[in-house]
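Q: So in full-length UniProt numbering, spot 303 of the sequence shown is number 303, and the numbers just go up one at a time.
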Amino acid sequence: MKGGPAEKGGYKEYLDNHKMGDAGSPADGLEGEATEVLWEEAASDAREPSTEGDEGEKVRLPWHIETLVEALKCTTSLRCLDVDCNLTLREVRLLLEAARDCASLKELHIASLHLTNLEPFCQALEETGTAHKVKVRSCTSSAQYLVPLVIGMEKAPPPVGQLRLNCVDNKSLHDACWALSNDSSQHVTSLHLHSTTLCVESDAAQELGSYLASTQCLRELDLKLPKLSPWSDLVVAGLAQNNSIQKLKIKGIFTSADVGVLCDWLTESQRLHNLEFWSTSTIAGLLVDTLAESLEESYALTRIKVVECWKNKLPWQRVKSLVRRNAGLVQCAAGFALGSELTRAALGYELVAPWHPQLLGAIQCMGSLTQVEAEKRMKSAARRIHSKFWQLAGIVYEELVCHELPPDTCGDGPTRQSVQLDQLPSRILEHICSYLKVSDVLVTKSATRQQ
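1. From this set, Leu295, Trp63, Ser141, Thr255, which residue's C-alpha is nearest residue 481's C-alpha?
2. Do you know whose CA, among Lys133, Cys177, Ala103, Ile110, lies nearest Ser142's CA?
3. Which class does Glu154 belong to by DSSP, given the choice of helix, strand or coil?
4. Who pairs with Arg303 in a beta bridge, going by DSSP?
5. Taking DSSP as the reference, what is the three-state secondary structure of Gln216?
6. Tell me which residue opens and which closes the beta strand (DSSP E) that Cys139 is part of.
7. Contact check, Gly238 vs Gly209 under 8 Å by CB: the rounded distance?
8. Does the structure place the stretch 315-324 close enough to the stretch 337-357 that three or more beta carbon pairs sit under 8 Å?
9. Ala205 by DSSP, collapsed to three states: which one?
10. What residues in its chain sit with their C-beta under 6 Å from that of residue 457, if we drop five residues either side in the sequence?
11. Return the CA-CA distance between Val330 and Val372, expressed in angstroms with no decimal places.
12. When you compare only the Cα positions, how much space is there between Ala333 and Cys433?
13. Would you decide whether His273 is buried or exposed? Buried here means 16 or more other CB atoms lie within 10 Å of its CB.
14. Exposed or buried, what is Gln144 when buried is set at 16 or more other beta-carbons lying within 10 Å of its beta-carbon?
15. By a C-beta neighbour count over all protein chains shown, 10 Å radius and 16 as the cutoff for buried, is Ala240 buried or exposed?
16. Can you check which of these residues, Leu338, Met366, Ala393, Pro357, is closest to Lys376 by C-alpha distance?
17. Would Ser244 and Leu286 qualify as a contact pair, given that the criterion is a beta-carbon distance under 8 Å?
18. List the endpoints of the continuous beta strand (DSSP E) containing Gly161.
19. Can you tell me whether Asp84 is helix, strand or coil according to DSSP?
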């Protein structure tokens, strides 16, 4: 749509397969097939509409919220609305009421909420009956308000992808972690726990560790608890049992024993690909030294940032080299999935497919594909790496020649029966190759340079 508030406010929308009426009105423009609208934060406008408050007083309502509410009353085809602007609790409630009354709307996405207390928002969801429609990508709140939602009201926190919690005391940290652990819906995929002044106590650290060990859906953790000692081992122990986190940003005071546990987990993890570590220079240096010795056979980590490790130059260069290698392997694997027949592409695919969490996204990005198309390419690549084993390994099947057998030293002479690979029929040879990888074939340096 063009004209009207769209030009003034700067919001943008896109409509798929829509129809416009003869007059081209906004209401007519929403008729037709299923549509999706994205509304971004608008600049201030000269219009200042108002609504009646509970006592009859005038309450100013931003024009873009009023426009959205009116549009939801008129549309009969809109399926998804994505609102990307700052909203007050009153504005959220008005949108929820409009979403409830809009029969065609199936999804209401709210980009971010900044609410000290989440309880009124949850009450609004319950009263309007729109919890099944609403998804919040990011929410910032105080940790102490999560617990009443679970204990008192017997319901989980609001459907939030990213949850940012400010912890004011140990009780709020403990209870917030307890609430997240008892959230049966497991919808929080990104958690930010921050407190610069809180001296964490054992009970809170234990609950945090228990949550990290039990969650199966957490993909991103930003943990800033500088005063975590002497209970850091409880948190690290829980973290070491986690198999879902892909991005970790952690800041605190840790011990050398914590570093050992953390590095073992980092080395074995097939999920964590992004690490940012803040601690003392001694602990940071120990982390780098340990990773430099243990990351050789680990291929998950593709990005790392360690603060205060400048004294360990050689180990740090080693770690950065291994991390860059891993990032290159993901790109090679994506190239193989997109059709490359280079040996290094096949080697990369063997090392990181299909488990690496960044591989699917890399295929989508390099090939400009949808997720479904990228998944099909991955399945096709898995079949191709076996069907084209000889070509990818650089072996000419017709010219396969084996070395002569060494003389029999057992005294049995020619009675020993031995069969060389070049004497096997092709069917048997193909069956043997199904158990091999391209990396099992020894490649000379000159051949590698040619590839």
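Just so you know, even glycine gets a beta-carbon here, dropped at the ideal spot from N, CA and C.
From a predicted model like this one, the values you see are computed outputs, not experimental measurements.
A: Concretely, from the data shown:
1. Because the chain spans 1 through 451 in this model, residue 481 falls outside it and cannot be assessed.
2. Here the closest residue by C-alpha is Cys177.
3. Confidence at Glu154 is low in this model, with a pLDDT of 48, below 50, so the placement of that residue should be treated as unreliable; the coordinate-derived value is given next. Glu154 falls in the coil class under three-state DSSP.
4. DSSP, once it has assigned bridges, lists Asn274 as partnering Arg303.
5. Three-state result, Gln216: coil.
6. First-last of the beta strand (DSSP E) with Cys139: 134-142.
7. With a Cβ gap of about 3 Å, Gly238 and Gly209 count as contacting.
8. Contact between the stretch 337-357 and the stretch 315-324 is not established, with fewer than three Cβ pairs separated by less than 8 Å.
9. Judged by DSSP in its simplified three-state form, Ala205 adopts helix.
10. Residue numbering for the chain in the displayed model covers 1 to 451; residue 457 lies beyond these limits and cannot be assessed.
11. Looking at the two C-alpha atoms, the distance is approximately 19 Å.
12. Each residue's Cα considered, the two are about 21 Å apart.
13. So His273 ends up on the buried side.
14. With 16 or more other Cβ atoms from the protein chains shown falling within 10 Å of its own Cβ, Gln144 counts as buried.
15. A buried status is given to Ala240, since no fewer than 16 other beta-carbon atoms sit within 10 Å of its beta-carbon.
16. Closest in C-alpha terms to Lys376, from the list Leu338, Met366, Ala393, Pro357, comes Leu338.
17. No, these two residues do not count as a Cβ contact at 8 Å.
18. Per DSSP, Gly161 is one residue of the beta strand (DSSP E) stretching across 160-166.
19. In this structure, DSSP gives Asp84 an extended state, which the three-state scheme calls strand.
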